[in-house]
Amino acid sequence: MDCRITTLADNTAGAPETLAEWGFSALIEFDGKSILMDTGRGHAITHNAELLDVDLKKIDVIVLSHGHADHTGGLQRVMQSMRKEVPVIGAPEIWDQKYSTRRTKIPRYIGIPYQRAELESLGARFNLSKEPTKLSDNVMTTGEIPVVTDFEKVGADTLLVRVDDDYELDRFPDDRALIVTTELGLVVVLGCAHRCLINTLYHAQNLTGIKQIHTVVGGCHLMDASEERIMKTIAALKDLDVQNVGVSHCTGLKAGAMMAGELGDRFFFNTAGSVVTVP
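Note that my numbering has the sequence shown beginning at 282, numbered continuously upward.
Take a look at the structure:
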């Protein structure tokens, strides 16, 4: 059975009439399961799902990569479209009070834009754990991702979490990715990779015991990264022999262009409307 990844929300729209917005969402179909990874910021997911003939009512489980609004803002619309109870998998810290000072001096709230009780009244059944969660025989979440590389920087100086009456740098213990085991190797779907791309891929290998990584799709949060870090990331991707790298969302055009130049045919820009199939 093929692993099929349909991107329902992203910063750029590739398919005709698809709607772009700052955010990310992808539908992963494998092992007889329909898994929604994130929900974008708001309007795009339901618009694009209808356009791409994706029936949201058939979703079996929702995975939240972290607690930012551009990955959770569409959750209310999705639940209203589904009209059923559905497990929502994530970390306990998705409900942390998250803020940003990017382009502003006053911290701006960027966390989940809904009350938990409201989402639960629509059918969301939250299953929050620090540990990996197995969704089927060959699909799992990463759980909390350890930081092991010396060249990757977790988070950003502008991304904060409010603790009591103060603000601290967000270390993103809630950051998650989805791991799919196929005959050709691992498929890793990222939300933002706030715990960093290569850290995440190493963790996926360690969790599964499988070294071959076939496909990586999603945001890599390299938009503010130095060229040195981007080149070290590319070198690690080459060393890991990743066959397909489809970046999007927060990766940034500079990092994407550098990856395209270095990775050649293994690279592609992932956009809203993209469909990736791994045998």
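Cβ atoms here follow ideal geometry from the backbone N, Cα and C, with glycine treated the same way.
Within the region 301-328, complete beta strand (DSSP E) segments of at least 3 residues are found at 306-311, 314-318, given in chain order.
Scanning the region 374-431 for uninterrupted beta strand (DSSP E) segments of 3 residues or longer gives 378-381, 405-409, 415-417, 420-422, listed from N- to C-terminal end.
DSSP, read as helix, strand or coil, puts Thr439 in coil.
In the DSSP assignment, Ser529 falls outside any alpha helix (DSSP H) and within the unbroken beta strand (DSSP E) covering 525-529.
Per DSSP, the beta-bridge partners of His349 are Gly392. In the same chain as Lys492, and ignoring 5 residues on each side of it, the C-beta atoms closer than 7 Å to its own belong to Gln486, in chain order. Ranked by how close their Cα comes to the Cα of Phe311, the residues Asp451, Ile286, Ala516, Lys411 have Ile286 in first place. A residue is called buried once 16 or more other Cβ atoms fall within 10 Å of its Cβ, and Ser529 is buried on that count. Straight-line spacing of the CA atoms in Pro454 and Leu333 works out to 33 Å.
Residue state for Gly466 is assigned as strand, using DSSP reduced to three classes. Contact between Gly295 and Ser555 is confirmed by a C-beta separation of about 6 Å, below the 8 Å threshold.
The continuous alpha helix (DSSP H) containing Leu482 extends over residues 478-489. Going by DSSP, Gly542 is part of the alpha helix (DSSP H) stretching over 534-544. In the structure shown, Glu331 falls within a helical segment according to DSSP collapsed to helix, strand and coil. In the DSSP assignment, Ala290 falls within the beta strand (DSSP E) that extends over 284-290. Annotation: the continuous alpha helix (DSSP H) that includes Glu508 extends over 508-521. Judged by their CB atoms, His502 and Cys531 are nearer to each other than the 8 Å cut-off.
Closest by C-alpha distance to Ala350, out of Cys477, Cys473, Phe550, is Cys473. Classified as buried, Lys379 has 16 or more neighbouring CB atoms from the shown chains inside 10 Å of its CB. Within its own chain, the residues whose Cβ lies closer than 6 Å to the Cβ of Gly371, once the five positions on either side in sequence are excluded, are Leu345, Leu409, listed in chain order. The three-state secondary structure of Leu471, taken from DSSP, is strand. Separation of Gly304 and Gln396 (C-alpha to C-alpha, rounded to the nearest whole angstrom) is 20 Å. Taken through DSSP and simplified to helix, strand or coil, Leu450 comes out as strand.
Closest in alpha carbon position to Val469, among Leu441, Asp446, Gly500, is Gly500.
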